[in-house]
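Asks:
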Amino acid sequence: MTEVSAETTDLKAQYAAQVTADVQRNAEQQARINAELAALQDQLHALQRDQALLESMQQALTGHNPATTADASKQPDEASVTPLPQQGRRNKTSPGSPKSTKDSRKSAAAGTPVKAAGPPTLGELIRSHLTAQPEPRSAAEITTALTQAHPDRNVKATVVRTTVEGLVAKGRVERSKQGNSVFYSAVTESNGSAPTTPLPTDATTS
Numbered sequence: 001m002t003e004v005s006a007e008t009t010d011l012k013a014q015y016a017a018q019v020t021a022d023v024q025r026n027a028e029q030q031a032r033i034n035a036e037l038a039a040l041q042d043q044l045h046a047l048q049r050d051q052a053l054l055e056s057m058q059q060a061l062t063g064h065n066p067a068t069t070a071d072a073s074k075q076p077d078e079a080s081v082t083p084l085p086q087q088g089r090r091n092k093t094s095p096g097s098p099k100s101t102k103d104s105r106k107s108a109a110a111g112t113p114v115k116a117a118g119p120p121t122l123g124e125l126i127r128s129h130l131t132a133q134p135e136p137r138s139a140a141e142i143t144t145a146l147t148q149a150h151p152d153r154n155v156k157a158t159v160v161r162t163t164v165e166g167l168v169a170k171g172r173v174e175r176s177k178q179g180n181s182v183f184y185s186a187v188t189e190s191n192g193s194a195p196t197t198p199l200p201t202d203a204t205t206s
């Protein structure tokens, strides 16, 4: 009888120790999960704050409410369900009538932007400069004058020589030679001459 009581006491002690360990382990797991939940909750709150900030920035930049845009995207496209006009119906003014043509021309004219005049070309600048000069000028002198008059343009001597020879070929500029130097002057209506064969671009222009 005494031995049975002792065994029962030992079993109770073992069960009690096991239950105590289980309770402690359960409490530790709850504490760990609660800590993870708290961290996730903090992350969720941070994401929600970021979302509110981003939506306000999006609305300020685009002028549209993100929520309204999202709802509108769910609506069916009314244009896709618009019924086609009946084949038998026609406008009172046919496409080929004078009134229709006149209206279409007005619409085209109203929709065509007026092209703004751009800056003068290098050829125009050279022609204008030579016209204002009382004497012929060399390519180097033309380059120097244009560089001073138009500092915003990248005027190069090689480009000037090529352009002025092109004007010679078109009969808008006259070429004359004095010794080893080549000079150019503008061709006017009074002294117009036939186009002259241009010199090679590597010709001496000093």
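Everything in the sequence shown is counted per the numbering used here, starting at 1 for the first residue and increasing by one. Backbone N, C-alpha and C define an ideal beta-carbon position, used for all residues, glycine too.
1. State yes or no: is the C-beta of V159 within less than 7 Å of the C-beta of L146?
2. Thinking C-alpha only, which one of A17, D50 and Y184 is nearest R175?
3. Cutting at 8 Å between CB atoms, please list the residues of its own chain near A17, excluding the five before and the five after it.
4. Please state if the CB of T143 and the CB of A157 are separated by a distance shorter than 7 Å.
5. Does the beta-carbon distance from R127 to R172 come in below 7 Å?
6. Please list the terminal residues of the continuous alpha helix (DSSP H) segment that includes P187.
7. By the three-class DSSP mapping on this structure, what secondary structure does K170 have?
8. Below 8 Å on the Cβ atoms is my contact criterion, and I expect T188 with G123 to pass it. Report the Cβ-Cβ distance as a whole number of Å.
9. Mapping the DSSP letters down to three states, classify S56 as helix, strand or coil.
10. Helix or strand or just coil, what does DSSP make of S176?
11. Could you check what DSSP says for R153 in three-state terms: helix, strand or coil?
Replies: So, from the data block:
1. no
2. Y184
3. none
4. When the beta-carbon positions are compared, A157 and T143 come within less than 7 Å of each other.
5. yes
6. A small correction: the amino acid at residue 187 is Val; Pro does not occupy that position in the sequence shown. Neither: V187 is in no alpha helix (DSSP H) and is coded neither H nor E.
7. Assignment of K170 by DSSP, reduced to helix, strand and coil, places it in the coil class.
8. Their Cβ separation, rounded to whole angstroms, is 16 Å, which puts T188 and G123 out of contact at 8 Å.
9. helix
10. strand
11. coil
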